[in-house]
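Input: a single structure, listed below in structure tokens.
Number of protein chains: 2
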Amino acid sequence: MSQTNKRSVKVFSPATVANVACGFDVIGLALEGTGDEMELHLSDKPGVRITSIEGADLPLEASQNVAGVALMALLQEYGKPEIGIEMSIKKNIHPGSGIGSSAASAAGAVAGGNMLLDNYFSPDALIRFAMEGERLACGTPHADNVAPAILGGFTLVRSYQPLDVIKLHTPQDLWVTVIHPQIEVKTSDARGILKQQVLLKDAIRQWGNVGALVAGLYTEDYGLISRALEDVIVEPIRSILIPAFHDLKIRCKEAGALGGGISGSGPSVFMLSKGEDNARAVAAMMENIYAPLGVDYKIYVSRIGNSGVKAINI
Amino acid sequence: MSQTNKRSVKVFSPATVANVACGFDVIGLALEGTGDEMELHLSDKPGVRITSIEGADLPLEASQNVAGVALMALLQEYGKPEIGIEMSIKKNIHPGSGIGSSAASAAGAVAGGNMLLDNYFSPDALIRFAMEGERLACGTPHADNVAPAILGGFTLVRSYQPLDVIKLHTPQDLWVTVIHPQIEVKTSDARGILKQQVLLKDAIRQWGNVGALVAGLYTEDYGLISRALEDVIVEPIRSILIPAFHDLKIRCKEAGALGGGISGSGPSVFMLSKGEDNARAVAAMMENIYAPLGVDYKIYVSRIGNSGVKAINI
Numbered sequence: 045m046s047q048t049n050k051r052s053v054k055v056f057s058p059a060t061v062a063n064v065a066c067g068f069d070v071i072g073l074a075l076e077g078t079g080d081e082m083e084l085h086l087s088d089k090p091g092v093r094i095t096s097i098e099g100a101d102l103p104l105e106a107s108q109n110v111a112g113v114a115l116m117a118l119l120q121e122y123g124k125p126e127i128g129i130e131m132s133i134k135k136n137i138h139p140g141s142g143i144g145s146s147a148a149s150a151a152g153a154v155a156g157g158n159m160l161l162d163n164y165f166s167p168d169a170l171i172r173f174a175m176e177g178e179r180l181a182c183g184t185p186h187a188d189n190v191a192p193a194i195l196g197g198f199t200l201v202r203s204y205q206p207l208d209v210i211k212l213h214t215p216q217d218l219w220v221t222v223i224h225p226q227i228e229v230k231t232s233d234a235r236g237i238l239k240q241q242v243l244l245k246d247a248i249r250q251w252g253n254v255g256a257l258v259a260g261l262y263t264e265d266y267g268l269i270s271r272a273l274e275d276v277i278v279e280p281i282r283s284i285l286i287p288a289f290h291d292l293k294i295r296c297k298e299a300g301a302l303g304g305g306i307s308g309s310g311p312s313v314f315m316l317s318k319g320e321d322n323a324r325a326v327a328a329m330m331e332n333i334y335a336p337l338g339v340d341y342k343i344y345v346s347r348i349g350n351s352g353v354k355a356i357n358i
Numbered sequence: 045m046s047q048t049n050k051r052s053v054k055v056f057s058p059a060t061v062a063n064v065a066c067g068f069d070v071i072g073l074a075l076e077g078t079g080d081e082m083e084l085h086l087s088d089k090p091g092v093r094i095t096s097i098e099g100a101d102l103p104l105e106a107s108q109n110v111a112g113v114a115l116m117a118l119l120q121e122y123g124k125p126e127i128g129i130e131m132s133i134k135k136n137i138h139p140g141s142g143i144g145s146s147a148a149s150a151a152g153a154v155a156g157g158n159m160l161l162d163n164y165f166s167p168d169a170l171i172r173f174a175m176e177g178e179r180l181a182c183g184t185p186h187a188d189n190v191a192p193a194i195l196g197g198f199t200l201v202r203s204y205q206p207l208d209v210i211k212l213h214t215p216q217d218l219w220v221t222v223i224h225p226q227i228e229v230k231t232s233d234a235r236g237i238l239k240q241q242v243l244l245k246d247a248i249r250q251w252g253n254v255g256a257l258v259a260g261l262y263t264e265d266y267g268l269i270s271r272a273l274e275d276v277i278v279e280p281i282r283s284i285l286i287p288a289f290h291d292l293k294i295r296c297k298e299a300g301a302l303g304g305g306i307s308g309s310g311p312s313v314f315m316l317s318k319g320e321d322n323a324r325a326v327a328a329m330m331e332n333i334y335a336p337l338g339v340d341y342k343i344y345v346s347r348i349g350n351s352g353v354k355a356i357n358i
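Protein chains in written order, with the working numbering: chain A, 45 to 358; chain B, 45 to 358.
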């Protein structure tokens, strides 16, 4: 058996929230406690092979799988055609949940693959490869979820051409509560209802809030974070797709949340809180609101994780 | 002579740049070396009196003068009708220059007045009073210039209702070079040519840049500040009112500027630089470009001042 056959890694790749309120299309964050687990092994057989997928019905064929496609992009740029990687995936994030299911798989694949290649690539390159998974998943190679999945914490995508992603400071005691109502909202539908033009005065209010949110993160000013968590552009339109959205927002804030909004393109809704107790009180409030609705749902409570994909024990 | 008659203060009130690139209508900054000087004295004669104005032809009648109106708003809220303040103003900032001439006078008046009242009011209240000066000057009580004039450094106006102004972190070695072409651009004209609607994709790019600029300020990442100094919404429209604007931008960056844009509603143009040497090289480049144009101009070079209005020796 060759030396390379022995090299293996197991990684945890976090769930993520994209479109953090005012930060539509630019600000995302990573969860600490929820994510996919993946094992990757260097192999003498060239190319990418997915040996098993647990927890979701997704294609094993690498070229049809977001994790496979992302890892193929990495290997192609690595430029040694003799290298092969085998991968097994344990999905803990339900596809379509709005907390970056495809991004977690794509990010875990490329970050894990990079560990097997002695961290040959920079985080920026990994984001670029993982975006190829997003291209397969939704038609657009966006970085909203793969950036926080790879870098951890809060991230800002300043620009795509060239790709310019900034890892922001993440306050230690910031938690997120996410409710995933198990109804289907297609990303394409959620995008289709947006208007291509917006009022300048609304746009100004939005970028004032984005600046304030970033300032609040750096200064760990939870009050400022709370005031800045406002989306006057997208939320008023998309929230109609989500059952009880306004009730959720108002009552979760009464229960102690700093604020929140739609996670990604929905249907999940996230709320940020200072501290675990508040985050759990928000979860209880979400249950109170959703239990009588007759809609299945799942609730996640997690600190904002400051590390992205990380190696865990096999 | 009563005790109060003796109490006097002299203040320096800085010039300011509003609409810092992507931060249109929300981000401003204060200069350290350029500003108005004002002397204020408590008086037994109730009300506000302006005893002299040097350097500009402006009304002495308090109710017609931005500094007077701002100070009257402060005294009214103070609620002791027997109090009077006399004020003399030395204008070093040319009205209409686009670097906050009216704001400097209004800010200096209320901050100086507050010193005479043992700092009774918070900085937020002072901003609110100074905005009354702006209402007189241009019809709208905006905070774009009075906020940095009072707080110093970089400021962000997150919201007007309620007023929410944040002082951002200012990197130590950040300098600004401003050229004031002595042509008239009326604020009302500059505002009139803006479109009320903008493309969502442009707005997203703008708020990505705002977030990045704020992050760059907190992390003192001059490269990031440079990349974020982009305005895809207002500058493409307003820059047509300013002679040689695109030449200025390109060649000042070649000369070492991080980037820049239109100061306020123009006609001044500002460029940020790391360090005094770069800021002076940028000034020389501005001269090179403007000298052949046959337009009078004035150039200011200053560190970004971290203090706003401050007491100086009488």
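Cβ coordinates follow ideal geometry from the N, Cα and C atoms, glycine included.
Check distances from the C-beta atoms of the segment 108-130 of chain B to those of chain A and list, in chain order, the residues that come in under 8 Å.
Cβ contacts with chain A: none found.
Consider the Cβ of alanine 234(A): report whether some Cβ of chain B lies at a distance smaller than 7 Å.
The count along the first sequence starts at 1 and reaches residue 234(A) at position 190. No, no contact with chain B.
Does valine 255(B) get closer than 7 Å to chain A when you measure Cβ to Cβ?
Position 211 of the second sequence holds residue 255(B). Note on identity: in this sequence residue 255(B) is glycine, with valine being the wrong assignment. At least one chain A Cβ lies under 7 Å of glycine 255(B).
Can glutamate 264(A) and proline 215(A) be called in contact, C-beta distance under 7 Å?
Taking the first residue of the first sequence as 1, we reach residue 264(A) at position 220. Taking the first residue of the first sequence as 1, we reach residue 215(A) at position 171. Contact: yes.
Would you say proline 139(A) and serine 145(A) are within 7 Å of each other, going by their C-beta atoms?
Here residue 139(A) corresponds to residue number 95 of the first sequence, with the count starting at 1. Here residue 145(A) corresponds to residue number 101 of the first sequence, with the count starting at 1. It is a contact, given that the beta carbons lie within the stated cut-off.
If you pair each beta-carbon of the segment 226-236 of chain B with each one of the segment 322-335 of chain B, do three or more pairs fall below 8 Å?
No, because fewer than three Cβ pairs between the segment 226-236 of chain B and the segment 322-335 of chain B fall closer than 8 Å, the two stretches do not touch.
Is the beta carbon of glycine 308(A) sitting closer than 7 Å to the one on methionine 315(A)?
In the first sequence, the residue the question calls residue 308(A) occupies position 264. In the first sequence, the residue the question calls residue 315(A) occupies position 271. Taking 7 Å as the Cβ cut-off, glycine 308(A) and methionine 315(A) do not qualify as a contacting pair.
Does DSSP put lysine 211(B) in a helix, in a strand, or in coil?
Taking the first residue of the second sequence as 1, we reach residue 211(B) at position 167. DSSP places lysine 211(B) in strand when its eight states are reduced to three.
Measuring CA to CA, which of Ile277(A), Val258(A) and Leu244(A) is closest to serine 270(A)?
As a first step, residue 270(A) is located in the first sequence; it is residue number 226 there, counting from the start. Of the candidates Ile277(A), Val258(A) and Leu244(A), the one whose C-alpha sits nearest the C-alpha of serine 270(A) is Val258(A).
Among Asp69(A), Leu160(A) and Arg347(A), which has the Cα closest to the Cα of leucine 200(A)?
The sequence position of residue 200(A) within the first sequence is 156, counting from 1. Of the listed residues, the one whose Cα sits closest to leucine 200(A) is Asp69(A).
Please check the pair leucine 115(B) and alanine 153(B), which I expect to be a contact at CB under 8 Å, by giving their CB distance rounded to whole angstroms.
Numbered from 1 along the second sequence, position 71 holds the residue referred to as residue 115(B). Numbered from 1 along the second sequence, position 109 holds the residue referred to as residue 153(B). Their Cβ separation, rounded to whole angstroms, is 4 Å, which keeps leucine 115(B) and alanine 153(B) in contact under 8 Å.
Any residues in the segment 302-320 of chain B with a beta carbon nearer than 9 Å to a beta carbon of chain A? Which ones, in chain order?
Taking 9 Å as the Cβ-Cβ cut-off against chain A, none of the residues of the segment 302-320 of chain B qualify.
Beta-carbon of tyrosine 262(B) versus every beta-carbon of chain A: anything under 7 Å?
Counted from its first residue, the second sequence places residue 262(B) at position 218. Closer than 7 Å: yes.
Whose CA, out of Ala62(A), Phe173(A) and Leu160(A), lies closest to the CA of alanine 111(A)?
Position 67 of the first sequence holds residue 111(A). Per the Cα distances, Phe173(A).
Could you name the residues of chain B that alanine 74(A) contacts, counting a contact when the two beta carbons are closer than 9 Å?
Numbered from 1 along the first sequence, position 30 holds the residue referred to as residue 74(A). None at all; the shortest Cβ gap to chain B is about 17 Å.
Helix, strand or coil, according to DSSP, for threonine 78(A) in the structure here?
As a working mapping, residue 78(A) is identified with position 34 in the first sequence. Threonine 78(A) falls in the strand class under three-state DSSP.
First and last residue of the beta strand (DSSP E) that includes isoleucine 306(A)?
For the purposes of this step, residue 306(A) is identified with residue 262 of the first sequence, where counting begins at 1. Per DSSP, isoleucine 306(A) belongs to the beta strand (DSSP E) from 303-306.
Using the beta-carbon of each residue, which ones in chain A are nearer than 8 Å to valine 70(B)?
By one-based count along the second sequence, residue 70(B) stands at place 26. By Cβ distance, chain A contributes Ile248, Trp251, Gly252 and Gly255.
Determine, for lysine 50(A), whether the minimum Cβ-Cβ distance to residues of chain B falls below 7 Å.
Stepping through the first sequence from its first residue, residue 50(A) is reached at position 6. Per-residue confidence for lysine 50(A) stands at a pLDDT of 48, beneath the threshold of 50, marking its modelled position as unreliable; the derived number appears in the next sentence. Not one chain B Cβ lies under 7 Å of lysine 50(A).
Residues of the segment 207-237 of chain B with a CB closer than 8 Å to any CB of chain A: list them in chain order, please.
Hits within the stretch, in order: Asp208, Ile210, Leu212 and His213.
Under 7 Å, Cβ to Cβ, is there at least one residue of chain B near arginine 382(A)?
In the structure as shown, chain A begins at 45 and stops at 358. Residue 382(A) is therefore absent and cannot be evaluated.
Could you give the first and the last residue of the continuous alpha helix (DSSP H) run that contains valine 113(B)?
Numbered from 1 along the second sequence, position 69 holds the residue referred to as residue 113(B). That run of the alpha helix (DSSP H) goes 110-122.
On the DSSP letters alone, give me the boundaries of the alpha helix (DSSP H) that valine 254(A) sits inside.
As a working note, residue 254(A) is residue 210 in the first sequence. Note, valine 254(A): alpha helix (DSSP H), 244-263.
Looking at isoleucine 348(B): is its Cβ nearer than 7 Å to the Cβ of leucine 212(B)?
As a working mapping, residue 348(B) is identified with position 304 in the second sequence. As a working mapping, residue 212(B) is identified with position 168 in the second sequence. No. Outside cutoff.
Looking at the structure shown, is lysine 293(A) part of a helix, part of a strand, or coil, going by DSSP?
Working through the first sequence from its first residue, we reach residue 293(A) at position 249. Of the three classes helix, strand and coil, the one that applies to lysine 293(A) here is helix, per DSSP.
Please look up how many angstroms separate the CB atoms of asparagine 253(B) and arginine 202(A), rounded, as I've assumed it's under 8 Å.
Translated into the one-based positions of the second sequence, residue 253(B) becomes position 209. Translated into the one-based positions of the first sequence, residue 202(A) becomes position 158. Right, the Cβ-Cβ distance comes to about 6 Å (below 8 Å), so this counts as a contact.
Which residues of chain A have a Cβ atom closer than 8 Å to the Cβ of valine 276(B), listed in chain order?
What you label residue 276(B) is simply residue 232 of the second sequence in a count that begins at 1. Those within 8 Å of valine 276(B) in chain A number zero; the least Cβ separation is about 11 Å.
From Ile286(A), Val353(A), Ser141(A) and Gly197(A), pick the residue whose C-alpha is nearest to that of isoleucine 333(A); which is it?
Translated into the one-based positions of the first sequence, residue 333(A) becomes position 289. Of Ile286(A), Val353(A), Ser141(A) and Gly197(A), the residue nearest in Cα terms is Ile286(A).
Just the C-alpha distance for proline 167(B) and alanine 187(B), rounded to the nearest angstrom, thanks.
In the second sequence, the residue the question calls residue 167(B) occupies position 123. In the second sequence, the residue the question calls residue 187(B) occupies position 143. Each residue's alpha carbon lies about 12 Å from the other.
At 7 Å on the CB atoms, spell out the chain A contacts of glycine 140(B), in chain order.
Residue mapping note: residue 140(B) aligns to position 96 of the second sequence, counting from 1. By Cβ distance, chain A contributes nothing, its closest Cβ being about 24 Å from glycine 140(B), past 7 Å.
To the nearest angstrom, report how far apart leucine 196(B) and isoleucine 171(B) are at their CA atoms.
The sequence position of residue 196(B) within the second sequence is 152, counting from 1. The sequence position of residue 171(B) within the second sequence is 127, counting from 1. For the sequence presented, residue 196(B) should be read as glycine rather than leucine. So the two alpha carbons sit approximately 12 Å from each other.
Quick one: does valine 64(B) have its CB under 7 Å from some CB of chain A?
To locate residue 64(B), count along the second sequence from 1; it is residue 20. Not one chain A Cβ lies under 7 Å of valine 64(B).
Quick check: is the beta carbon of valine 3(A) nearer than 7 Å to any beta carbon in chain B?
In the structure as shown, chain A begins at 45 and stops at 358. Residue 3(A) is therefore absent and cannot be evaluated.
Which residues in the same chain have their Cβ closer than 6 Å to the Cβ of glycine 128(B), if we skip the five residues on either side of it in sequence?
Residue numbering aside, residue 128(B) sits at position 84 when the second sequence is read from its first letter. Within the same chain, glycine 128(B) has close Cβ partners Ser87, Lys89, Pro90 and Gly91.
Tell me where the alpha helix (DSSP H) around proline 167(A) begins and ends.
Looking up residue 167(A) in the first sequence gives position 123. Unbroken alpha helix (DSSP H) run through proline 167(A): 167-182.
In terms of alpha-carbon separation, which member of Ile143(B), Glu83(B) and Gln108(B) lies closest to serine 96(B)?
Taking the first residue of the second sequence as position 1, residue 96(B) is located at position 52. It is Glu83(B).
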